[in-house]
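Protein chains in written order, with numbering that gives the first Met the number 0: chain A, 0 to 239; chain B, 0 to 239.
A virtual CB, placed ideally from N, CA and C, is assigned to each residue, including glycine.
Take a look at the structure set out below.
Protein chains: 2
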Amino acid sequence: MPESNIAIILLGTKYPGNIGSAARAMFNMGLSRLILAAPKCSVNEESYRLARSGGPILDSARTCRSLESALRGIGFLVGTTGKTGGYRARTLSPRSLAPRILDHAAGQKVGILFGPEDTGLVDHDLGVCQLLMRIPTRPNAASINLAQSVMIVCYELLLGTLEREPGPVPALASVEQVEAMYAQFEKALLEIGFLHSENTKHMMMRIRRMLGKAGLERSDVGVLRGIARQIHWFAGSRGK
Amino acid sequence: MPESNIAIILLGTKYPGNIGSAARAMFNMGLSRLILAAPKCSVNEESYRLARSGGPILDSARTCRSLESALRGIGFLVGTTGKTGGYRARTLSPRSLAPRILDHAAGQKVGILFGPEDTGLVDHDLGVCQLLMRIPTRPNAASINLAQSVMIVCYELLLGTLEREPGPVPALASVEQVEAMYAQFEKALLEIGFLHSENTKHMMMRIRRMLGKAGLERSDVGVLRGIARQIHWFAGSRGK
C-alpha cells in the first residue's frame, strides 16, 4: 500500500493540540506515519485528547532533532507553503499532486513537510523539497490552521488512493544525493562565474525549482554531478 | 457570487473552539455566512482566538433557537453525516456535490448543515435535508472533527468556484526555444570535455529526458542558456 510509505512531517510545531488534531485527521484519512522534526513542544495530554482514535499515531510518531535527520531515507519530499510569489509561483495544488505522490510512494518513502504555525516553511526548508504544494484559498486569505492543512492533504491522498490505478514508478534519488549534487553544482557554477555573491541564493532556488519539477532519478543526479565535476575540473585546469 | 448565498449551519455545537476553527476555515476558503442553530455553547474568547482572521464571521454569525428558524429563507439544504448504511447509503461526496451546490447558490440561499460533535445529525434533521453529503474516509474511521469537516466542505466549494473560471496556465517554452537551448548546452559541454564523440548522443538524450520531465518554462530555459553561455565563455577565455 503506497499510503504506508507516506510520512507527514511536522517541522518546529509549537502547539501540542495541533499535533493531536493532525493525528486525528491522518487516522481518518488512512495515514499513520507521523514525524516530528525539531518540535517546539511535546506531545501531551491535550494532543491525545484531540487525536481521539489517532492516539496510536502519536504513540508511534518519530521525533527527530533536526529536519536533516527527519529526512533520512525519504526519497521524495513535498513542501507545503501558504505564500505565493517569486519562486513560490510554481506551487502545485494538493489535488493535482496527489496522484504523483501516490505513484512515488509505491516504490519509496515520501515525506510531506509542514512548517511551524507562525512562519510556515522558510526558504531553506523549501529548497530541500522537490516540489511545493499550496492549498488553494480565497484571495487575501490568512494562514490555514496546521491541522486543517494536514487534513486537506490527507483527504486528497485518500481520494487519490480511491481513484488510483497503479502506474510505473521511477526510483528517485534520495534527498541526500540530491543535496550533494546541488552543493557540487553550486560550487562549479561559482567557479565559472555564473553564480556570484548577489545572485547565488536566488539562482540556486530557481534551479532547484526547475529540477525539482523533474523528479530527479538517481541516474539524473549522476549526469548532473558529472557535469558539475567536469566544470570544476575545467575551472581548476584553467587556473593552473 | 454564488458563495455569498451559501451558509454553513452548525447545529447544537458544544465547543466554542470548534465554532472559531470553523470560522477560520470558512474565511480562508471564501465563505462568510455562519448560522448557529440551537448551539449548546456560546461564542467566546477561545472562539475568536481560534478564528483568527475569521473573527468578523463570528461577529456577523446569526444565532437561532431552533433548526427550523435557522432554515428560514434557505432554498436548498445539504446535510452532512459520517455514518453509512440504511437511507444514508445515498450520500454524495463533497467533490461530486460542490458543482451542484454552486449551481443552486447562483439563484437562492443554500445551507450546509453540520450536527453536534458527539452524535452528528440525527434522523429527524437529516430528513429535512434535500441531499446528504459524506466526506470519504478510510474504512473503520472515527468521526471527523467538526471544524475539519467544515474545512473539507468549504475547500471543495472553493475549488468548485475556481474551476468555473479558467485558472492560470504556466506558459511552457516553445520547442524552438528548448532546442536552441539544447544546442547551446551541447556545444558548451563538448567544449569542457563532458561530452565527446562517443557519448554525446546518449548523454544528450538522458539530459533531454530529465529536463523534459520538468516541463520547461521560458524562465527555466533562460537559466539553462545562461549556464551554457557562461561555460562557453569560460572555455573560450581558457583557450586564449
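Taken in chain order, the complete beta strand (DSSP E) segments of 3 or more residues contained in the region 107-155 of chain A are 109-113 and 130-132. When only Cα atoms are considered, G54(B) and T62(B) end up about 15 Å apart. Interface criterion not met: the Cβ of F75(A) is under 8 Å from no Cβ in chain B.
Taking the Cα of F233(B) as reference, the smallest distance to any Cα among P38(B), G114(B) and L188(B) is reached at L188(B). The Cβ-Cβ distance between F184(B) and A227(B) falls below 8 Å. Here M0(A) is exposed, its C-beta having fewer than 16 other C-beta atoms within 10 Å. In this structure, A6(B) and I73(B) form a Cβ contact; the two beta carbons are roughly 7 Å apart against a cut-off of 8 Å. Sixteen is the threshold: when 16 or more other Cβ atoms of the shown chains lie within 10 Å of the Cβ of K108(A), as they do, the residue is buried.
For T160(B), the three-state secondary structure derived from DSSP is helix. Contact annotation: in the region 14-27 of chain B, residues whose CB is within less than 8 Å of a CB in chain A are S20, R23, A24, F26 and N27. From the listed residues S68(A), T90(A) and R51(A), the smallest Cα separation to A22(A) is found for R51(A). Interface annotation, Q147(B): in contact with chain A, CB-CB separation under 8 Å.
Here the alpha carbon of Y154(A) sits roughly 8 Å from the alpha carbon of P135(B). Contacts between F193(B) and chain A, judged by CB atoms closer than 7 Å, involve G225, I226 and Q229 in chain order. Beta-bridge annotation (DSSP): C63(A) is paired with A36(A). With a cutoff of 8 Å on beta-carbon distance, R224(A) and V222(B) are scored as not near each other. One Cα belongs to A97(B), the other to L156(B), and the distance between them is close to 5 Å.
The region 90-106 of chain A and the region 123-134 of chain A touch, with no fewer than 3 CB-CB distances between them shorter than 8 Å. Within the DSSP bridge table, the entry for A6(A) names R32(A) and G110(A) as partners. A Cβ-Cβ separation of about 10 Å leaves G110(A) out of contact with L10(A) under the 8 Å criterion. With contacts defined as CB atoms closer than 8 Å, S20(A) and A146(A) qualify as a contacting pair. Taking the Cβ atoms as the reference, A69(A) lies roughly 6 Å from I8(A), within the contact range of under 8 Å.
Within 8 Å of the CB of T199(B), no CB atom of chain A is found; the nearest one sits about 13 Å away.
Contact between L125(A) and T80(A) is confirmed by a C-beta separation of about 6 Å, below the 8 Å threshold.
Ranking D102(B), G159(B), K82(B) and G119(B) by CA distance to the CA of R137(B) puts K82(B) first. Exposure of A170(A) is indicated by the presence of fewer than 16 other C-beta atoms within 10 angstroms of its C-beta. For G214(B), the number of other beta carbons within 10 angstroms of its own is below 16, and it is reported as exposed. Between I151(B) and E190(B), the beta carbon gap of about 55 Å keeps them out of contact (Cβ cut-off 8 Å).
If you check the CB distance, R208(A) and L158(B) do not come in under 8 Å.
Residue environment analysis places V174(B) among the exposed positions, since fewer than 16 neighbouring C-beta atoms fall within 10 angstroms of its C-beta. Neighbours of L161(B) in chain A, taken as residues whose beta carbon is under 7 Å from its own, are P135 in chain order. In the assembly as shown, L210(B) is a buried residue. Its beta-carbon has 16 or more other beta-carbons within 10 Å. With 16 or more other Cβ atoms from the protein chains shown falling within 10 Å of its own Cβ, H103(B) counts as buried. For the region 196-220 of chain A, the residues whose beta carbon sits under 9 Å from a beta carbon of chain B are, in order, M202, R205, I206, R208, M209, L210, G211, K212, A213, G214, L215, E216, S218 and D219. Ranked by Cα distance from E116(A), the options R217(A), A37(A), N144(A) and R64(A) are led by N144(A). Looking at the DSSP output, E216(B) shares a beta bridge with L171(B).
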